[in-house]
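Below is one structure, written out as structure tokens, with a few remarks after it.
Residue numbers (UniProt numbering): 1 to 331.
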């Protein structure tokens, strides 16, 4: 056994001990917003531990294309927009985060943060996360078919329509803060503009931006409008006194992904139907009939007495006239 052969085990032990003394670089956490509204900004964060090594660079990729690179202490920042169609704000980016402006649908996908250290080890670690881009509605939902007032027992039939979005908005109805479901909520099969077209046309319900689909820089194209109906019978709260009005607050909430929520309210005025009917009857009834209920009013008795007195006077005059005539005829 020669000396060279004897040294192999010893050298292996020394080499492994040296490796054990060097901590590996590690990307511990990558924070990428799961959903971003189209046209909005987004900041991506990359947290890493160098493990005693010296940082060489941090690289950002969208898919397989690098779009941003930065050196230690924020030195040598480089942007590669021609490779990724990204708009990077260098002033707001650093070694641990990158700031993206005016996110577009083409920016949706998988993002990767890759961290490398200096030699002699030149280790690299990375993490990936997905981001989706949503076309948000340009305005809140619209409630149509609201009447000026309602009577107890009357049927209410409303529609709530969202502005175009991708994906399509989820619409929810509630009354006085209580969310409603079946059988009050009517969900259309496709929830599209075709369903809306069957409903009464109102100026605010059909805006050109909704129909045009926002092509070009406005994007959108699919999914678009959602419409949900609400049907129920009006009831009057028990604590409401006769002739008083009650108000039911109807709300329609539009939800798009986890980043958008908009609520539209409508107040339904409800009046006691019995009081309303009585008031209408009073207004339409001639004043001389208001006191003739059951044919026993004071005015009725007075008219009857007057007629009897008048008949008596006429009878008395006839008797007097007949008496004079009889007297004149006797010699």
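Every residue gets a Cβ at the ideal spot worked out from N, C-alpha and C, and that includes glycine.
Identity of the residue in the options nearest residue i by Cα
i: residue 116; options: 50, 143, 171 and 110; result: 50
i: residue 86; options: 69, 75 and 231; result: 69
i: residue 250; options: 229, 257, 258 and 256; result: 229
i: residue 246; options: 264, 259, 272 and 188; result: 272
i: residue 48; options: 125, 27 and 38; result: 27
i: residue 262; options: 224, 180 and 170; result: 170
i: residue 119; options: 252, 46, 54 and 82; result: 54
i: residue 159; options: 103, 111 and 173; result: 173
i: residue 252; options: 226, 72 and 233; result: 226
i: residue 232; options: 162, 185, 112 and 32; result: 185
i: residue 177; options: 264, 35 and 260; result: 264
i: residue 258; options: 142, 31, 35 and 224; result: 35
i: residue 102; options: 113, 145, 143 and 88; result: 88
i: residue 57; options: 91, 113, 31 and 81; result: 113
i: residue 168; options: 256, 100, 175 and 138; result: 256
i: residue 138; options: 38, 182 and 91; result: 38
i: residue 30; options: 80, 97 and 179; result: 97
i: residue 121; options: 52, 224 and 260; result: 52
i: residue 80; options: 67, 90 and 91; result: 67
i: residue 260; options: 163, 154, 127 and 91; result: 163
Strand pairing of residue i, partner residues [DSSP]
i: residue 112; result: 61 and 128
i: residue 266; result: 250
i: residue 47; result: 29
i: residue 36; result: 133
i: residue 97; result: 45 and 94
i: residue 70; result: 58
i: residue 255; result: 170 and 261
i: residue 227; result: 161
i: residue 232; result: 156
i: residue 187; result: 228
i: residue 117; result: 55
i: residue 78; result: 69
Inter-residue CB distance, residue i and residue j (contact presumed, cutoff 8 Å)
i: residue 140; j: residue 254; result: 7 Å
i: residue 165; j: residue 135; result: 6 Å
i: residue 123; j: residue 24; result: 6 Å
i: residue 72; j: residue 93; result: The pair is not a contact, with the Cβ atoms about 14 Å apart (cut-off 8 Å).
i: residue 142; j: residue 161; result: 5 Å
i: residue 234; j: residue 146; result: Wrong, their Cβ atoms sit about 12 Å apart, outside the cutoff.
i: residue 111; j: residue 32; result: 5 Å
Proximity test, residue i beta-carbon vs the ligand FMN heavy atom, cut-off 7 Å
i: residue 139; result: Questions concerning the ligand FMN fall outside what the structure shown contains, since it holds no ligand whatsoever.
Stretch-stretch touch, CB-based, cutoff 8 Å, three pairs: the segment 130–140 with the segment 96–112: Cβ pair count under 8 Å is three or more, so yes.
The segment 29–43 / the segment 59–74 touching (three or more Cβ pairs under 8 Å): The answer is no - the segment 59–74 does not touch the segment 29–43, with fewer than three Cβ pairs under 8 Å.
Three or more C-beta pairs below 8 Å linking the segment 255–271 and the segment 147–158: Cβ pair count under 8 Å is three or more, so yes.
Complete beta strand (DSSP E) runs within the UniProt domain "Ig-like" (141–183) (minimum length 3 residues, chain order): Correct list: 142–144, 155–161 and 170–175.
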